[in-house]
Structure formats: structure tokens, C-alpha cells
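K.L.:
In numbering that gives the first Met the number 0, the protein residues as written are 0 to 189.
Take a look at this one; I'll ask things after.
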Amino acid sequence: MASPVFHGLAGAGLAYALAADARLPLNASLRRAAPLMTGAAALACLPDLDYLPGIATGALNAFHQQGTHSLAWVVLAAAAVWLAGRIWKPARFGWRAFGFLVLLIGSHLAIDLVTADHAPPYGIPLWQPFSGRPVQAPFALLPAWEKASLRDLMSPANARPFAIELTGGLAVAAGCVAAKRSWTRRRAAI
Ligand SMILES: [Zn+2]
């Protein structure tokens with residue numbers, strides 16, 4: 000499954016495309032959107048919370064790719080974040096914000112579906128709790144990591160997936176920024 004490098008960059012790009020103010024000059028716009036993009040990067044990694052018990056036990060994948068990688072969990076997590084946001088700033092957390100959160104956290108599942116998986120269970124339990132069958136796309140766009148333990152993450156074998164995720168993630172984020180800015184300009188001209 001993809002690492003926080005790609006998930007985070009994709010989440011930050013998505014947040015800019017959906018919620019940043021692209022009428023400002025590029026630098027000012029990125030500066031203003033930075034807290035939003037940072038928060039979005041963290042939210043896009045949220046389903047990987049299931050690594051935490053594995054870190055404690057030393058077997059990183061012991062609890063990975065289970066309930067938190069399902070659509071039902073994404074909706075529940077988005078609802079929890081949305082409710083917290085609604086209490087914090089009611090005016091900013093309307094229904095559109097809920098849709099934004101579902102999309103952002105759901106992007107994690109979309110990316111994991113198209114990442115190579117070298118260890119069973121192959122794929123993610125997308126339909127849990129209704130079906131436990133793991134789901135995986137018939138093609139892989141991102142390579143798998145060696146990650147049986149925390150120490151594996153530093154293995155030279157992971158240099159390639161890291162480089163691919165970093166360049167791919169930056170390209171996705173830059174693409175989102177460029178798309179939003181061209182769309183905003185077009186709209187303003189009408
Ligand atoms: Zn994941």
C-alpha cells in the first residue's frame with residue numbers, strides 16, 4: 000500500500016483544488032492554503048492509523064488493511080471530524096465540508112486500491128462490515144514497500160517506491176494546483 004508520502008501529497012493537492020482561494024497570486028495563495036493543505040495531508044493518511052498497534056508489537060502489518068480501509072469507516076471518520084469541526088467553527092462546516100472530508104479520507108482507499116500488494120490479504124476490505132472480501136484494482140500504478148517491520152522502511156529496496164511516490168505525489172499536487180488556477184481564471188473571465 001502507498002505510504003504517507005503519496006497519500007499526503009495527493010491530499011494536499013486535493014484540498015487546494017477543492018477549497019483554496021486561487022484568485023490570489025500563486026505564492027500568496029499557497030501560503031494562505033498551507034494550514035488547510037497540511038491538515039488535508041494528515042487526513043488523507045488517516046486510514047493508516049491501523050499501523051499504530053503494529054508499531055507497538057513490532058510486526059508493522061499485524062493489524063494493517065483491516066476495518067479502517069473500508070468505505071464505512073471513511074464515512075464514520077469523516078462524520079467524526081465534521082462534527083468536531085462543526086463544534087469548533089459552525090459556519091465553516093456545512094454539508095459541502097462533509098463531502099470534502101469524505102473525498103479527502105476516501106482518496107486514501109482509491110490510492111491503496113491501485114498500489115501493488117505483495118503480502119496477503121491482497122487488497123483492502125472496501126465493503127466491510129458487509130463483506131470481508133479484500134478488493135484490489137486489476138492493475139497497479141504504485142509499487143509496494145518492504146515493510147514487515149519499522150526497520151524495513153530504511154531498506155535500500157524502498158528507495159525506488161519512495162522516489163516514485165515523491166515524484167508522482169508532487170506531480171499530482173502540482174497538477175491539482177494548476178488545474179484549480181486555470182479553472183478559477185477561466186471562471187473569472189466569464
Ligand atoms: Zn492505507
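Just so you know, even glycine gets a beta-carbon here, dropped at the ideal spot from N, CA and C.
Given the structure is predicted, the values throughout are model-derived calculations rather than measurements.
For R85, report the span of its alpha helix (DSSP H) as first-last.
P.N.:
As a first step, residue 85 is located in the sequence shown; it is residue number 86 there, counting from the start. Where R85 is concerned, the enclosing alpha helix (DSSP H) stretches over 70-87.
K.L.:
Taking A78 as the reference, which of H68, G66, F92 has the closest Cα?
P.N.:
Within the sequence shown, residue 78 is the residue found at index 79, counting from 1. The option with the nearest alpha carbon to A78 is F92.
K.L.:
How would you call H63, buried or exposed, if buried means at least 16 neighbouring beta carbons within 10 angstroms?
P.N.:
Along the sequence shown, read from residue 1 onward, the residue named residue 63 stands at position 64. Classification of H63: buried, given that the 10 Å Cβ count is 16 or more.
K.L.:
P3 and C44: beta carbons closer than 8 Å?
P.N.:
Looking up residue 3 in the sequence shown gives position 4. Looking up residue 44 in the sequence shown gives position 45. Against a cut-off of 8 Å, the Cβ pair of C44 and P3 comes out as a contact.
K.L.:
When burial is assigned at 16 or more other CB atoms within 10 Å of the CB, is H117 buried or exposed?
P.N.:
Against the sequence shown, residue 117 aligns to sequence position 118. Classification of H117: exposed, given that the 10 Å Cβ count is below 16.
K.L.:
How long is the line joining the alpha carbons of D47 and T67, rounded to whole angstroms?
P.N.:
The residue labelled residue 47 in the question sits at position 48 within the sequence shown. The residue labelled residue 67 in the question sits at position 68 within the sequence shown. Answer to the nearest angstrom: the Cα atoms are 7 Å apart.
K.L.:
The alpha helix (DSSP H) spanning L23 covers which residue range?
P.N.:
Stepping through the sequence shown from its first residue, residue 23 is reached at position 24. No alpha helix (DSSP H) contains L23, which DSSP labels as neither H nor E.
K.L.:
Between T183 and the rest of its own chain, which residues show a CB-CB distance below 7 Å, the 5 nearest in sequence each way excluded?
P.N.:
Here the question's residue 183 lines up with position 184 in the sequence shown. A21, R22, listed in sequence order.
K.L.:
Which class does L125 belong to by DSSP, given the choice of helix, strand or coil?
P.N.:
In the sequence shown, the residue the question calls residue 125 occupies position 126. Coil, per DSSP.
K.L.:
Are the CB atoms of N60 and A139 nearer to each other than 8 Å?
P.N.:
Locating residue 60 in the sequence shown gives position 61, where the first residue counts as 1. Locating residue 139 in the sequence shown gives position 140, where the first residue counts as 1. Contact: no.
K.L.:
Hey, out of V101, A115, W94, Y15, whose CA is closest to W72's CA?
P.N.:
Within the sequence shown, residue 72 is the residue found at index 73, counting from 1. Looking at the Cα atoms, V101 is the closest of the given residues.
K.L.:
Just mark W94 as buried or exposed, buried being the case when its beta carbon has 16 or more other beta carbons within 10 Å.
P.N.:
Taking the sequence shown and counting its residues from 1, one reaches residue 94 at position 95. Exposed, by the Cβ-count rule.
K.L.:
Within 8 Å of any Cβ in chain B, is that where the Cβ of L149 sits?
P.N.:
This model lacks chain B altogether; it includes just one protein chain.
K.L.:
Enumerate in chain order the residues of its own chain whose CB-to-CB distance from R180 is below 6 Å, with the five nearest sequence positions on each side excluded.
P.N.:
Within the sequence shown, residue 180 is the residue found at index 181, counting from 1. Excluding positions up to five away in sequence, the list reads A21.
K.L.:
Taking the alpha-carbon positions, what's the G174 to A83 distance?
P.N.:
Residue 174 sits at position 175 when you count from the first residue of the sequence shown. Residue 83 sits at position 84 when you count from the first residue of the sequence shown. Distance between the alpha carbons of G174 and A83: 31 Å.
K.L.:
Pick out whichever of D111, M36, A27, G7 has its Cα sitting closest to the Cα of L17.
P.N.:
For the purposes of this step, residue 17 is identified with residue 18 of the sequence shown, where counting begins at 1. L17 has its Cα closest to that of M36, out of D111, M36, A27, G7.
K.L.:
Quick one: what's L141 bridged to in DSSP?
P.N.:
Here residue 141 refers to the residue found at position 142 of the sequence shown. In DSSP, L141 forms a bridge with T114.
K.L.:
Bridge partners of V134, per DSSP?
P.N.:
By 1-based counting over the sequence shown, the position of residue 134 is 135. Partner(s): I123.
K.L.:
Measuring straight from C-alpha to C-alpha, what distance separates L125 and S69?
P.N.:
The count along the sequence shown starts at 1 and reaches residue 125 at position 126. The count along the sequence shown starts at 1 and reaches residue 69 at position 70. Their Cα atoms are separated by approximately 4 Å.
K.L.:
Is it the case that the CB of H117 approaches a heavy atom of ligand 1 more closely than 7 Å?
P.N.:
Locating residue 117 in the sequence shown gives position 118, counting from the first residue. Incorrect: H117 has no Cβ contact closer than 7 Å to ligand 1.
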